[in-house]
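Chemist:
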Amino acid sequence: MSRIALVLRHADEIHLGNLEQVLLEHGYTVRYVDTLGVDGVRDIDPAEADLLVVLGGEMGVYESDRFPVLTDEIALLTNRLGARRPVFGVCLGAQLMASALGSTVYRGPSNEIGYRLVEPTAAGQDGPLRHVAGIPMMQWHSDTFDLPEGTTRLAGSAAYGNEAFAIEDWALAVQFHPEVTAEMHESWLSSSEEEVRAEGLDPDAMRQDRALHSDTMQLASRALFSEWLSALPDAAAGPRRTP
5 MSRIALVLRH ADEIHLGNLE QVLLEHGYTV RYVDTLGVDG VRDIDPAEAD LLVVLGGEMG
65 VYESDRFPVL TDEIALLTNR LGARRPVFGV CLGAQLMASA LGSTVYRGPS NEIGYRLVEP
125 TAAGQDGPLR HVAGIPMMQW HSDTFDLPEG TTRLAGSAAY GNEAFAIEDW ALAVQFHPEV
185 TAEMHESWLS SSEEEVRAEG LDPDAMRQDR ALHSDTMQLA SRALFSEWLS ALPDAAAGPR
245 RTP
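Per the numbering used here, the sequence shown runs over residues 5 to 247.
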């Protein structure tokens, strides 16, 4: 019987990317929920899906006045995490997880855009995060958070100390974007050239970086995600795969 991966999406162009195939290989059926749609997330049973994936978005966790659904997502995550049910969060998703666990999310020191190194901690090197060591990963964020109590810090970067954290083997949050394919990167870049140039970055240089790093990054991302899925508690894990 297929397992269900419920995916909270905040924009059509910010989707599962190269991670979707990994979920399919591990026996999951993927169901997207467009959180800004009319139905929102209030009717979702926090414990029902085998896996909850919360993707990125252009809003900040602290902008619930503009995006009321964020409050509902935090409530959903609070209940889901309280029930110790598997969660994977990316960028905004990681920040929402941190907020649901009682931490503050706020503007960081810089708008970090581009392929940047993420350095696993000792704990990170002992698990799936080791796959990203020495490999530039896609970053596109300007917010950060305090490490939630009861979690393990798995990675940091030169600009941001908290790039990944976990709760045991069933909840994982990453600030970087492991899901980004070359096509997604071009879509984001083409629609955000004004933002990129305002940060003193050259879009064409970023395309050159993509040519250098995208394929390797996607291999590392898939290995990371596959290993994490394989280690989920038996009640939620898909078929075992070798990363």
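The C-beta atom is built at its ideal place from N, Cα and C for all residues, glycine as well.
To which residues of the same chain is residue 146 closer than 8 Å at the C-beta, ignoring the five residues directly before and after it?
Modeler: Hits under 8 Å: 111, 112, 114, 115, 116.
Chemist: Going along the chain, which residues of its own chain have a beta-carbon closer than 8 Å to the beta-carbon of residue 150, five neighbours each way excluded?
Modeler: Contacts found: 102, 107, 108, 166.
Chemist: Within 10 angstroms of the Cβ of residue 105, are there 16 or more other Cβ atoms? Answer buried if so, exposed if not.
Modeler: It counts as buried.
Chemist: In this structure, what does DSSP give as the bridge partners for residue 8?
Modeler: Partner(s): 33.
Chemist: Hey, residue 163 and residue 169 are a contact pair by Cβ (cut 8 Å); roughly how many whole angstroms apart?
Modeler: That pair is no contact at about 17 Å.
Chemist: For my contact list, residue 214 and residue 161 are in at a C-beta cut-off of 8 Å; report their separation, rounded to the angstrom.
Modeler: The pair is not a contact, with the Cβ atoms about 18 Å apart (cut-off 8 Å).
Chemist: Can you give the Cα-Cα distance for residue 80 and residue 100, rounded to whole angstroms?
Modeler: Taking the straight line joining both Cα atoms gives about 10 Å.
Chemist: Can you name, in chain order, every residue of its own chain whose Cβ lies under 8 Å from the Cβ of residue 141, other than the five neighbours on each side?
Modeler: Answer for residue 141: 119, 120, 121, 122, 180, 181, 182, 221, 224, 225, listed in chain order.
Chemist: If residue 74 sits next to residue 67, beta carbons under 8 Å apart, how far is it from one beta carbon to the other, in whole angstroms?
Modeler: Yes, they are in contact, since the Cβ atoms of residue 74 and residue 67 sit about 7 Å apart, within 8 Å.
Chemist: Is it buried or exposed, residue 12, if we count other Cβ atoms within 10 angstroms and call 16 or more buried?
Modeler: Buried.
Chemist: To which residues of the same chain is residue 243 closer than 7 Å at the C-beta, ignoring the five residues directly before and after it?
Modeler: Its pLDDT being 39, under 50, residue 243 is placed unreliably in this model, and the value from its coordinates should be taken loosely. Here the set comprises 30, 31.
Chemist: In terms of residue numbering, what span does the beta strand (DSSP E) encompassing residue 55 cover?
Modeler: Taken as a continuous stretch (DSSP letters only), the beta strand (DSSP E) holding residue 55 covers 55-58.
Chemist: May I ask you to check if the CB of residue 57 is nearer than 7 Å to at least one heavy atom of the ligand GTP?
Modeler: As presented, the structure is devoid of all ligands, the ligand GTP included, so that no description of it is given.
Chemist: Identify every residue that forms a DSSP beta bridge with residue 101.
Modeler: Note: residue 101 sits in no beta bridge, so no partner.
Chemist: Taking just the CA atoms, how far does residue 192 sit from residue 212?
Modeler: Cα to Cα, the separation comes out at about 15 Å.
Chemist: Write down every uninterrupted run of the alpha helix (DSSP H) in the region 85-147 whose length is 4 residues or greater and which is fully enclosed by it, in chain order.
Modeler: Listed in chain order, they are 96-104, 126-129.
Chemist: What are the start and end residues of the alpha helix (DSSP H) that includes residue 176?
Modeler: That residue, residue 176, is in no alpha helix (DSSP H); its beta strand (DSSP E) goes 175-178.
Chemist: Figure out for me which residue from 64, 132, 20 has the closest Cα to the Cα of residue 234.
Modeler: Per the Cα distances, 132.
Chemist: Can you tell me whether residue 235 is helix, strand or coil according to DSSP?
Modeler: Residue 235 falls in the coil class under three-state DSSP.
Chemist: Output the boundary residues of the beta strand (DSSP E) element that contains residue 159.
Modeler: Looking at the DSSP string, the run of the beta strand (DSSP E) that includes residue 159 is 156-160.
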